[in-house]
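Residues in the sequence shown are numbered consecutively from 153, following this note's numbering.
Let me begin by presenting the structure, written as structure tokens, before commenting on it.
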Amino acid sequence: MAAEVWFDAREELADVLASRETVRRAEAEQVRGIAAWAAARTTSQRGPLRVLPGQERRVPFGGPGSPDVPEFLPAELGATLGLSAFAAQKLLSDALSLVHRLPDLLTLLEQGDVDAWKVRMVAAATRELPQTVAGIIDCQLAASARKGALPRIVRLTRSTLQDVIDHHLLAHTDPAQVTDDHTQAQARRYVAFKPGLDGTTDIAGTLSNEDARRLEQALDDTASEMADVEGDTRSKGVRRAEALGRLVVHPGLAQTVLYVHFDRVSGTWSADGIGTISVDEAESMLGHGTVTIKPVIDLAAQITTTGYVAPPRLREQLRLAQRNLCAFPHCDRRGTIGFDVDHVTPYDSGGATTSSNTHLLCRYHHRVKTHGRWKATKTAPGTTVWTSPTGQVFEIAHGLTTRLRT
Ligand SMILES: [Zn+2]
């Protein structure tokens, strides 16, 4: 007797299943392609006999047992695929780990049996482990409990897969290492701010557990006070966010400079990404009344100095013209506080410290520019054209990247 069928869309669902397999196979092909490209680039690029500070080194991105490849490969891969150097480095590292350390999992991906995110998760989490241990994990996760059953990794969810990986990590970490890890973790603490165009800023960071606990307690206390005493009915999330603002804003004390641009055509002032703005609006945006709107910098002006070091005014002009971003194709680093002012034509070769010969680069891409055989030309304010070591050409204008030639 046929099973009872309520709805029928089986063919369409089969199509979805088939296309998922195609995607998985294509991901495996990309992984092999990236590893093959990295190998070819490594052999075609002769390294210097002795590496001086700042120069490109060779790095085993894929972990122990994976080949050493030129350090700046992620810059090229990122520019090509439209990824930040960080995302490109992850992709390259995962590809090298899979090819050289986790071959069984890569085979599963190639057969369309497992999702790419799962095998990449294993690749990333096991990167520091010795090759032999990675081999054991590879074997265990790709194996089936019995003949005909699905491979173990296919049956695990994200969190249970994480448990299995954690188990291995713990088994192969000695206790002294744990103390070391603790010290290193403390050294990696940071707080980052990512302003959006809608008047809010995303905050990300890592604090010590103790600081985080105290901060959260302080926010909760103020958020509760706002509800109980002030009758604030907004969500707890909004009240906590505002409580954080209250910790740092003291009306009458805080001084904020809001940079605005002057539009020569319409004769109005505007703030980055916000548009035309008045003093009243600036006050409400900042949450207090201590605000001065300063017309600062004409982005088209030529700011020049005779020395090597760029004056703050030039640095600020470059920052505004580059929309706060590094001037390398697809680089996602923002803020520019730690950025370097790069002389497009080097100062030593007669390049002036002037608007048309400088741009801001993050430290990584500054090293790529200086030692990685990339060529840059500044074609307009906020606009740099780059030629990669393999001849690709990209233009980055006010933070937006366009590929001009492959
Ligand atoms: Zn950069």
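Backbone N, C-alpha and C fix where the C-beta goes; we use that ideal spot for every residue, glycine too.
Hey, out of the options, whose CA is closest to residue i's CA?
i      : options                           : result
Thr358 : Thr352, Ala339 and Gly348         : Ala339
Thr278 : Lys388, Gly264, Val343 and Leu254 : Leu254
Asp246 : Asp265, Ala187, Gln263 and Pro303 : Ala187
Pro464 : Phe480, Ile489 and His482         : Ile489
Arg198 : Asp220, Gln544, Gly534 and Thr353 : Asp220
Ala479 : Phe159, Asp318, Ala161 and Ala231 : Ala231
Leu243 : Met273, Asp256 and Leu257         : Met273
His320 : Gly524, Thr195 and Leu293         : Leu293
Ala178 : Asp267, Asp315 and Arg341         : Asp267
Leu472 : His550, Thr497, Thr457 and Thr542 : His550
Ser508 : Arg398, Leu451, Leu556 and Arg557 : Leu451
Asp560 : Ala275, Ser296, Val285 and Leu235 : One cannot answer for residue 560 here, as it falls past the ends of the chain, which runs 153 to 558.
Thr553 : Ser236, Arg162, Val157 and Ala375 : Ser236
Lys270 : Leu281, Glu280 and Leu258         : Leu258
Asp315 : Gln336, Ile289, Pro327 and Arg398 : Ile289
Leu233 : His482, Arg184 and Val381         : His482
Ile548 : Asp484, Glu368, Asp500 and Arg525 : Asp484
Ala192 : Thr542, Arg557 and Arg555         : Thr542
Thr174 : Gln263, Thr456, Ala337 and Thr558 : Gln263
Asp256 : Val306, Ala227 and Val211         : Val306
Pro533 : Thr374, Thr458 and Gln454         : Gln454
Thr284 : Leu308, Asp318 and His324         : His324
By DSSP, does residue i sit in helix, in strand, or in coil?
i      : result
Leu513 : strand
Val520 : helix
Lys346 : strand
Leu204 : coil
Ala379 : helix
Asp587 : With the chain covering 153 to 558 only, the question about residue 587 has no answer from this structure.
Val211 : strand
Asp354 : strand
Trp189 : helix
Trp158 : coil
Glu547 : strand
Lys242 : helix
Thr374 : helix
Ser540 : coil
Ala297 : coil
Lys552 : In the sequence on display, residue 552 carries Leu and not Lys. Leu552 falls in the strand class under three-state DSSP.
Pro219 : coil
Asp167 : helix
Val306 : helix
Thr558 : coil
Ala286 : helix
Ala528 : strand
His495 : strand
Leu254 : coil
Thr458 : coil
Arg486 : strand
Thr535 : strand
Less than 8 angstroms between the CB atoms is what I'm expecting for residue i and residue j, so what's the real figure, rounded?
i      : j      : result
Arg519 : Gly287 : With 8 angstroms as the limit, Arg519 and Gly287 do not qualify as a contact, their Cβ atoms being about 34 angstroms apart.
Asp494 : Thr510 : 7 angstroms
Gln469 : Ile449 : 5 angstroms
Lys530 : Thr539 : No, Lys530 and Thr539 are not in contact; Cβ-Cβ is about 13 angstroms, not under 8 angstroms.
Leu477 : Arg467 : Incorrect: roughly 14 angstroms between the Cβ atoms, too far for contact.
Ala190 : Leu248 : 7 angstroms
Leu250 : Ala275 : 5 angstroms
In or out: residue i buried (at least 16 other Cβ within 10 Å) or exposed?
i      : result
Gly214 : buried
Trp355 : The displayed chain sequence assigns Ile, not Trp, to residue 355. Its Cβ having fewer than 16 others within 10 Å, Ile355 is exposed.
Tyr516 : buried
Glu377 : exposed
Glu223 : buried
Phe546 : buried
Ala395 : buried
Arg310 : exposed
Gln241 : buried
Arg391 : buried
Gly383 : exposed
Gly404 : Any reading at Gly404 must be qualified, since the residue scores a pLDDT of 41, below 50, and its modelled position is unreliable; the value itself is stated next. Answer is exposed; the Cβ neighbour count stays below 16.
Gly502 : exposed
Val498 : Reading off the sequence shown, one finds Pro at residue 498, where the question assumed Val. Per the 10 Å Cβ criterion, exposed.
Gly150 : The question about residue 150 has no answer, for the chain in this structure spans 153 to 558.
His252 : buried
Cys291 : exposed
Phe159 : exposed
Lys299 : exposed
Thr536 : buried
Val400 : exposed
Gly348 : exposed
His402 : For His402, the predicted structure reports a pLDDT of 49, less than 50, and the residue's modelled location is therefore unreliable. A value from the coordinates is still provided. Its Cβ having fewer than 16 others within 10 Å, His402 is exposed.
Please determine whether the Cβ atom of residue i lies at a distance below 7 angstroms from any heavy atom of ligand 2.
i      : result
Thr510 : This structure simply doesn't include ligand 2; it includes ligand 1 instead.
List in chain order the residues whose CB is within less than 7 angstroms of at least one heavy atom of ligand 1.
Ala237, Cys478, Phe480, Cys483, Arg485, Leu513, Cys514, Tyr516 and His517
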